[in-house]
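Inspection log for the structure reproduced underneath, given as structure tokens.
Residue numbers (the working numbering): 2 to 699.
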């Protein structure tokens, strides 16, 4: 795929300050805890621009290099990692999809068409906007409507926005925007709002294919971010952050250096560090006396407060990875491996290494510990878990993490995935609660490198070497808080054996993950689809979108029917899928039948799916259910429809009741997948609500 040429307004002759506050930088902490919103985003149908034509893009007197400026890693650590262990409490959100004339037939073919990318209500903040397209085939203008304003508070092309953010004298964040490798447009400038945010795009040129991923947060208490405003000065877009400037930097607190060397016999484990608290480890280093190839046989654990169960569990090789960035720093030979993620502990932290090689291994370990007067209840313990899937099917994802309790997830490293263009991240937050959050990305290469797998360091957020050697993405701009539980999966093509390490903070010092072979918390479903839904000129279904599905009886009789994606098609009967806890993901159903072009067949047009499972009930009776969906859905129990709802502006959760009989019950879900903020993703969450015991008589 050709590398796009970058065009933008001219940049100033002198480079922008690389950190907020210019010379006053060092460990300055501008508050960037932007929070998500109360309901997911809305995608409206395309409509012609009201004006007869578009104003031409501001003419550039020259070209600007919008790649990220070099920023000292220590400065980025002081900004992003200093308080990373303080538990967040907001609702993360994500708007993520692919558009093009083949996805939404007939659209994006002329300038002046508009689409709403995001429409959310409540207090929150935009954390990250990413887009990419081929040069000459997808440039567009963005308009940000803040707090219900009738006029956009910010308006410009992605490149204009990036150039303006880079010109800010005192940006609220160290890296407010950049164009990454292969033309990946990234806008990290926080855009806070009190009552809501709507982002619209308008086409400037006909589009071949255009991608968006928008990360935001809601419900984060009083606004802490500086208000962003925009103005045109001599035809050039300028951005300003209004409000108090970042505080002056404070000297870094003193640390206590601890060094220790230990020989770990083959087949045994040993404590390589034993630290007394309270304190926060600001840096710790291992120097394994084993070659890098053997470090996958060295198991790393961290145990807190005298617990026998470890909060950190991964191999040395995968925990640190081959990454040299803000959080991790590993040499190519693996001789020195350093972690900069803060590790707070109340009384005791023990680092353990288990040696599964045939030779003794000498481990030299060191730590820089910042003493603390007392444990702060707002802190979380650093957790990490390595996981592996022995062989992927293409339609059942690799499970990265399943954890219960309260905390926030900060990112992951991934290895041995082969090519995963058509697979990516999928998170369910607080699935056991009344209002789960669902976050789904587009493609793996976009998640880690922000476009077309542009290898290299995208500091401080991502580093990508190769699919097999390893990639890392840290959500330092927008961690995912969870109050009850979090589950995260990764879609991958068939025949792979991916490995991953998830990193998160949690109030629980011990192991609170859920483990087991092949997602034991899930259930098996019979599934069918996708089948295209007939659409009208406005890309809305003609009649009932679920009427395109065959009957359950026809499938039970062995019937086979056509399934179709964007261009590929195959015939099929019932297929099998296992849910992840209460969440049934049907995004990759087509990979039962599309084996070659599956990576380009996600989303598009509008599809319908059918899913059926047996639901056991010991005593039967009236049962309450919770269902989460973002598209039209209908639920039948034992042949009787008990719930039907239309599409939503992103995921939402509803309740319904149904009569169950003792023993097995047949639950059938019919659902569609249309153009909204999650239209590449297809699925539904369904769970029975435990009945509360009747109050006892006094």
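Glycine is no exception: its CB is placed at the ideal position from the N, C-alpha and C atoms.
Among the options, nearest to residue i - alpha-carbon criterion
i, options, result
"residue 634", "352, 684, 640 and 658", "684"
"residue 256", "273, 511, 140 and 284", "284"
"residue 378", "361, 427 and 507", "507"
"residue 130", "108, 157 and 188", "188"
"residue 114", "535, 139 and 547", "139"
"residue 366", "467, 207, 264 and 156", "264"
"residue 190", "320, 126 and 670", "126"
"residue 149", "193, 650, 161 and 141", "193"
"residue 582", "460, 404 and 270", "404"
"residue 548", "504, 195, 533 and 462", "533"
"residue 325", "228, 151, 452 and 462", "462"
"residue 299", "312, 311 and 267", "267"
"residue 160", "141, 171, 315 and 368", "141"
"residue 422", "394, 452 and 435", "452"
"residue 321", "103, 607, 546 and 296", "296"
"residue 81", "480, 662 and 512", "480"
"residue 727", "133, 681 and 329", "No answer is possible for residue 727: it lies beyond the span of the chain, which begins at 2 and ends at 699."
"residue 168", "234, 503 and 103", "234"
"residue 89", "483, 659 and 678", "483"
Whole-Å CB distance - residue i paired with residue j, under 8 Å assumed
i, j, result
"residue 524", "residue 577", "Not a contact, Cβ separation roughly 11 Å."
"residue 274", "residue 288", "Going by Cβ atoms, the distance from residue 274 to residue 288 rounds to 12 Å, so no, they are not a contact pair."
"residue 477", "residue 410", "That belief does not hold up - the Cβ atoms of residue 477 and residue 410 are roughly 12 Å apart, past 8 Å."
"residue 515", "residue 406", "Between residue 406 and residue 515 the Cβ distance is about 11 Å, and since that is not below 8 Å, they are no contact."
"residue 636", "residue 670", "5 Å"
"residue 119", "residue 215", "5 Å"
"residue 426", "residue 342", "Not confirmed; about 20 Å, so no contact."
Per-residue DSSP class, three states only, for residue i
i, result
"residue 156", "strand"
"residue 553", "helix"
"residue 330", "strand"
"residue 30", "Residue placement at residue 30 is flagged as unreliable, the pLDDT there being 27, under the threshold of 50; the coordinate-derived value follows with that caveat. The answer is coil: DSSP assigns residue 30 none of H, G, I, E or B."
"residue 400", "strand"
"residue 280", "strand"
"residue 70", "coil"
"residue 486", "strand"
"residue 324", "coil"
"residue 79", "helix"
"residue 547", "helix"
"residue 589", "coil"
"residue 501", "strand"
"residue 690", "coil"
"residue 138", "strand"
"residue 360", "coil"
"residue 120", "strand"
"residue 508", "coil"
"residue 217", "strand"
"residue 447", "helix"
"residue 106", "coil"
"residue 719", "This structure cannot speak to residue 719, because the chain is shown only from 2 to 699."
"residue 683", "coil"
"residue 574", "coil"
"residue 211", "strand"
"residue 161", "helix"
"residue 452", "coil"
"residue 168", "helix"
Cβ pair residue i, residue j closer than 9 Å
i, j, result
"residue 492", "residue 373", "no"
"residue 439", "residue 446", "no"
"residue 467", "residue 474", "no"
"residue 178", "residue 67", "yes"
"residue 124", "residue 184", "no"
"residue 69", "residue 174", "no"
"residue 529", "residue 573", "yes"
"residue 589", "residue 396", "yes"
"residue 280", "residue 370", "yes"
"residue 319", "residue 501", "yes"
"residue 668", "residue 623", "no"
"residue 157", "residue 231", "yes"
"residue 607", "residue 564", "no"
"residue 441", "residue 432", "no"
"residue 561", "residue 621", "no"
"residue 387", "residue 304", "no"
Any chain C beta carbon closer than 9 Å to residue i
i, result
"residue 442", "Annotation note: the requested chain C is absent from the structure, which comprises a single protein chain."
Check: In the region 596–680, which residue ranges form an unbroken beta strand (DSSP E) of at least 3 residues, counting only runs that do not cross its ends?
Finding: 608–618, 622–630, 634–638, 641–646, 653–661 and 664–674
| said: So within the region 391–445, which uninterrupted alpha helix (DSSP H) runs reach at least 4 residues, ignoring any that extend past its ends? | reply: Taking only runs of at least 4 residues, no alpha helix (DSSP H) segment lies wholly in the region 391–445.
#### Entry: 3-residue-minimum beta strand (DSSP E) runs that sit fully inside the region 234–318, ordered along the chain
Complete beta strand (DSSP E) runs here, min 3: 237–243, 257–265, 270–277, 280–289, 299–305 and 313–316.
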